[in-house]
């Protein structure tokens with residue numbers, strides 16, 4: 367299994383923090399978001415990684431040899447050269463279209479309770495982590511499930527009151543589902559390069575049985591703006607101390 371960490375975005379709402387580095391290299395509790403996620407994944411048995419780079423890629427490439435040696439993992443990189451004009455559908459497709467293995471996809475600006483990674487690493491089916499506790503906003507990446515566990519709608523614009531919860535940007539695609547997943551990604555890109563990769567899960571849920579793993583109160587946050595950054599500083603103190 368391979369963990370794909372998305373680290374190509376510009377993080378404009380976090381400037382000046384992201385002026386010279388991408389968001390995943392921001393330090394929380396003395397450890398970068400990227401290294402923290404590597405540790406979380408390795409504790410669940412994942413030792414192979416693909417990091418999708420773009421904005422300030424040199425900063426990521428510089429530290430990868432050290433991280434590989436320090437944590438005894440393999441880290442390959444894929445560059446999204448058009449990171450400034452495309453979205454995550456392109457970044458994910460660049461990383462996955464030639465793979466033949468199960469994958470976990472992680473937004474590089476996520477700070478999560480390590481138990482969240484453990485839960486999805488051991489899932490037997492293609493799975494999404496859904497927060498069923500957090501108060502939703504219009505900015506939440508919401509989804510609606512029917513009784514057959516099919517996604518009937520997904521995105522930021524859907525109704526808060528009808529939503530099942532928020533997709534937190536951590537998902538798993540098993541090897542047998544990967545060809546179809548890539549097919550839907552390609553269609554999303556052809557439709558609009560600004561599409562999110564998350565949207566590929568809607569058609570995929572119609573052709574395979576998916577699992578939706580709920581956070582059930584386990585804490586996490588994406589770090590999009592300064593309010594998120596301040597919350598992340600508080601949140602990390604509630605996690606078990608991590609040896610770096």
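Residue numbers (the working numbering): 367 to 610.
Glycine included, C-beta positions come from ideal geometry on N, C-alpha and C.
For residue i, the residue or residues it bridges with in DSSP
| i | result |
| --- | --- |
| residue 476 | 588 |
| residue 538 | 470 and 493 |
| residue 438 | BP columns for residue 438 are empty, so no partner. |
| residue 414 | 368 and 440 |
| residue 580 | 496 |
| residue 519 | 510 |
| residue 419 | 373 and 445 |
Secondary structure of residue i, DSSP reduced to three states
| i | result |
| --- | --- |
| residue 532 | strand |
| residue 514 | coil |
| residue 500 | coil |
| residue 464 | coil |
| residue 482 | helix |
| residue 393 | strand |
| residue 347 | Summary: the structure shown does not reach residue 347, with the chain confined to residues 367 through 610, and so no result is reported for it. |
| residue 560 | coil |
| residue 385 | coil |
| residue 488 | coil |
| residue 595 | helix |
Limits of the unbroken alpha helix (DSSP H) element including residue i
| i | result |
| --- | --- |
| residue 404 | 399-408 |
| residue 556 | 544-557 |
| residue 527 | Note, residue 527: premise wrong, no alpha helix (DSSP H); not H, not E. |
| residue 505 | First-last for residue 505: undefined, no H or E at that position. |
| residue 449 | Where residue 449 is concerned, there is no enclosing alpha helix (DSSP H), given that its DSSP letter is neither H nor E. |
| residue 603 | Premise fails: residue 603 is in no alpha helix (DSSP H) and is neither H nor E. |
| residue 567 | 567-573 |
Unbroken beta strand (DSSP E) run spanning residue i, endpoints
| i | result |
| --- | --- |
| residue 369 | 368-373 |
Local Cβ density within 10 Å of residue i, reported as buried at 16 or more and exposed below that
| i | result |
| --- | --- |
| residue 522 | exposed |
| residue 514 | exposed |
| residue 444 | buried |
| residue 442 | exposed |
| residue 503 | exposed |
| residue 603 | exposed |
| residue 488 | exposed |
| residue 432 | exposed |
| residue 564 | buried |
| residue 370 | buried |
| residue 543 | buried |
Residue i Cβ short of 6 Å to the ligand ZN heavy atom set
| i | result |
| --- | --- |
| residue 402 | Absence of the ligand ZN from the depicted structure is noted, as is the absence of any ligand whatsoever, leaving it without description. |
*asked:* I'd like to know if the region 551-566 and the region 451-458 are in contact, where contact means that at least 3 CB-CB pairs between them fall below 8 Å.
replied: yes
*Evaluate the contact criterion for the region 376-394 versus the region 467-475: three or more CB pairs, one atom per stretch, below 8 Å.*
yes
*Should the region 522-541 be regarded as contacting the region 589-601, the criterion being three or more beta carbon pairs within less than 8 Å?*
no
_With a threshold of 8 Å, are at least 3 pairs of Cβ atoms found where one atom belongs to the region 489-497 and the other to the region 421-441?_
no
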